[in-house]
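Q: One structure coming up, written as structure tokens, with questions to follow.
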Amino acid sequence: MIEVDAKNWLVNGLVSLSVGIAFTVIIFIKNTPLSWFIPYADSTLVIIIVLITIPVPIKVIIQSLKQLLLASPSTNIKQNITHLFETAAKSFPLENYWLRITQIGNTIFVSIYWLLPGEYNLKGIEELDNIREEISQVICQQYPDLMIDIVFTKSSKWAEDIILREK
1 MIEVDAKNWL VNGLVSLSVG IAFTVIIFIK NTPLSWFIPY ADSTLVIIIV LITIPVPIKV
61 IIQSLKQLLL ASPSTNIKQN ITHLFETAAK SFPLENYWLR ITQIGNTIFV SIYWLLPGEY
121 NLKGIEELDN IREEISQVIC QQYPDLMIDI VFTKSSKWAE DIILREK
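Residue numbers (the UniProt record's numbering): 1 to 167.
What follows is the structure in structure tokens.
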């Protein structure tokens, strides 16, 4: 929200600056052959500034729509989260995984579907909780506004069904 306000201040500042420039131009061309331009100076400069700054609100609207529609965050963020997960998961039993990453505002939601190897003997739920805790700590160090869910399974059907339903 602060970023949007900052961009709004920038656009408003540029529009105000263009009005100031227009009045300055009017003072200097008042008694010259260019005085015919005086009635159009203010409007012309405002139009030019609006055309220059129009991408700013358009980008804000597009980004907000993506967040409303639960779109993925930037490719850079997704790749970084995936890399952090893969690095942290190396020391744990993992046959395959599926990641789903969405973003609403500053909060990133990560769902990890973790396929345990078929021959893996689970000693207890605490073991999975410890894995979840370590993975969460690694990723959340870099992304403090991150919500993470890790679903453990020995059947890829559960993860594949969920991922396929989203496509």
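Beta carbons: idealized from backbone N, C-alpha and C, even for Gly.
1) Ordered along the chain, which non-local residues of its own chain (more than five positions away) have a Cβ less than 7 Å from that of phenylalanine 152?
2) Just the Cα atoms here: how many angstroms apart are isoleucine 150 and aspartate 5?
3) With DSSP as the reference, label phenylalanine 85 as helix, strand or coil.
4) Counting only the same chain and skipping the five closest in sequence on each side, list residues whose C-beta sits under 8 Å from that of isoleucine 139.
5) For glycine 118, tell me which candidate among Gln137, Gln141 and Ser156 has the shortest Cα-Cα distance.
6) Suppose contacts are defined by Cβ-Cβ distances below 8 Å. Is leucine 45 in contact with isoleucine 21 by that definition?
7) Could you check where the alpha helix (DSSP H) with threonine 24 kicks off and where it finishes?
8) Please name the residue, chosen from Trp158, Ile26, Glu3 and Gln63, that lies closest to tryptophan 98 on a Cα-to-Cα basis.
9) Can the beta-carbon of threonine 102 be found less than 8 Å from the beta-carbon of serine 72?
10) Hey, out of Arg132, Ile27 and Glu3, whose CA is closest to proline 57's CA?
11) Using only CA atoms, which one of Leu14, Ser35 and Lys123 lies nearest to proline 93?
12) How would you call glutamine 62, buried or exposed, if buried means at least 16 neighbouring beta carbons within 10 angstroms?
13) Could you give the distance in angstroms between the alpha-carbon of tyrosine 143 and the alpha-carbon of asparagine 8?
A: Quick answer:
1) Taking the sequence shown and counting its residues from 1, the one referred to as residue 152 is at position 152. Residues Trp114, Leu116 and Leu128 of the same chain have their beta carbon placed closer than 7 Å to that of phenylalanine 152, with the five preceding and five following residues left out of the count.
2) In the sequence shown, counting from the first residue as 1, residue 150 sits at position 150. In the sequence shown, counting from the first residue as 1, residue 5 sits at position 5. Near 35 Å, if we compare the C-alpha coordinates of aspartate 5 and isoleucine 150.
3) Position 85 of the sequence shown, counted from the start, is the residue given in the question as residue 85. Helix, per DSSP.
4) Stepping through the sequence shown from its first residue, residue 139 is reached at position 139. The residues are Ile81, Leu84, Phe85, Ala88, Val110, Leu146 and Ile148.
5) Translated into positions along the sequence shown, residue 118 becomes position 118. Nearest C-alpha to glycine 118: Ser156.
6) For the purposes of this step, residue 45 is taken as residue 45 along the sequence shown, with counting starting at 1. For the purposes of this step, residue 21 is taken as residue 21 along the sequence shown, with counting starting at 1. A contact, by the Cβ cut-off of 8 Å.
7) If you number the sequence shown from 1, residue 24 lands on position 24. Where threonine 24 is concerned, the enclosing alpha helix (DSSP H) stretches over 2 to 29.
8) Translated into positions along the sequence shown, residue 98 becomes position 98. The shortest C-alpha separation from tryptophan 98 is found at Trp158.
9) Working through the sequence shown from its first residue, we reach residue 102 at position 102. Working through the sequence shown from its first residue, we reach residue 72 at position 72. Contact: yes.
10) Position 57 of the sequence shown, counting from 1, holds the residue named residue 57. Taking only the C-alpha atoms, the option nearest proline 57 is Glu3.
11) Against the sequence shown, residue 93 aligns to sequence position 93. Relative to the Cα of proline 93, the nearest Cα in the group Leu14, Ser35 and Lys123 belongs to Lys123.
12) In the sequence shown, residue 62 corresponds to position 62, counting from 1. With the sequence shown as reference, residue 62 is identified as isoleucine, and glutamine is not the correct amino acid for it. With fewer than 16 Cβ atoms within 10 Å of its Cβ, isoleucine 62 is classed as exposed.
13) What you label residue 143 is simply residue 143 of the sequence shown in a count that begins at 1. What you label residue 8 is simply residue 8 of the sequence shown in a count that begins at 1. If I take the Cα positions, the gap works out to 27 Å.
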